[in-house]
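Right, one structure below, let's go through it.
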Amino acid sequence: MDTIGLWQIDSGSPVRVTTAAIGAERDLESWIENDPAMLEQGLVVVGRQIRLEGGPLDLLALDPQGRWALIEIKRERLRREVIAQAIDYASCLRTLDPEQLRTACDAYLRSRGNRHTLDELLNERGRSLDDADDNREIIMYLVGASHDAGLSRMVDYLQELSDLAIRIVTFSAYQDASHRTFLARKIHEAATKSAVTPANAARGGLTPDVVLRKAEENGVGEIVRTLYECANDLGLHTRTWSRSLMFAPPMQKTRCLYVVWSDKRAREPGCARVYVAAEAFEQFYGVTEETFRAHIGEPREDMILDASGAKRLSDGIKSVLDAVT
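The numbering of the sequence shown is our numbering, which starts it at 3 and goes up by one.
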């Protein structure tokens, strides 16, 4: 089993930071609820302890592409049985009545002081609960302090056979002499070996050309095409949704580097919304925050870009990947 050692440099000398217990499962659940970027940049939590037919789901979130992030948390070791539990929850979530889901999530969002409704959050991401083609694409996060060796093997096997996106996230806790607690994160995710297409795209015959035509109709064709051609030039994988294109690293086709939407923006005509995941550039290409800032600018998740802004972003993405490859 992999272990992480942690040292603090004090007056020029390394001082080992001792391991500590994470605490109650609900502590970890609350920490992730307050900062879902502990799992992945761009997640927005929309529910906690939502009652499904298979049992209460720890946390439910949306990612920047409108995919549902099912988060199952264990205080200690993740056993192999957690996969069956997560798949059961995913099957329940996919078939849950839209109005029940809307009611549960809106009540949670109000309790957290979030001014957005679930429908508004989905619409921002080009999705809708009422869309006939909504298949509720689900990402599963299995979170704990460690995991059985067999669990990662099973995750690798399931992802190789299907388009299931399952991520194992483990946290190790450390405490220094001042009793401050630190968390170290490790993510296990199988590489995708084949092309992955969202089920709604395959069913509806969606291709990048369809989205590009919609973008032209909405006055943002140059923006979307510039960022699409950038991805092609770099050998990135393109995933297609009805209102957006997501670009992923070829070694992990379910992860997001950046997304561009084809929607018409009434308040910013001729501009398109773009999301950039700076953390993913670091995770998959080793791009440090300093390097990212030098080539692309200050890390920002959401941007509203015109054609010249899209060209600058395209040039920045090409230069930052050229710098590290």
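Note that the Cβ used here is the ideal one computed from N, Cα and C, for glycine as well.
Between S130 and V213, the gap from beta carbon to beta carbon reaches 9 Å or more. Around the CB of V145, 16 or more other CB atoms lie within 10 Å, so the residue is classed as buried. Going by DSSP, T21 is part of no alpha helix (DSSP H) but of the beta strand (DSSP E) stretching over T20 to A22.
Per the Cβ contact rule, the region 163 to 172 is in contact with the region 139 to 154 (3 or more Cβ pairs under 8 Å). Remark: fewer than three beta-carbon pairs, one from each stretch, lie closer than 8 Å, so the region 292 to 304 and the region 232 to 250 are not flagged as touching. Under the DSSP assignment, L229 falls in the alpha helix (DSSP H) whose first and last residues are G223 to L236. A straight-line Cα-Cα distance of about 21 Å links G272 and A233. Here the region 308 to 317 makes contact with the region 225 to 232; the two share three or more CB pairs at distances below 8 Å. The closest CA to that of G49, considering only V326, L111 and D132, is found on L111. Burial state of T256 is buried, judged by a 10 Å Cβ sphere holding 16 or more other Cβ atoms. Taking a contact to require three or more Cβ pairs closer than 8 Å, the region 118 to 127 and the region 73 to 89 do not qualify as touching. Selection R302, G152 and E31 evaluated against E74 yields E31 as nearest (Cα-Cα). Check the Cα spacing between V276 and each of C258, L307 and K320: the tightest is with L307.
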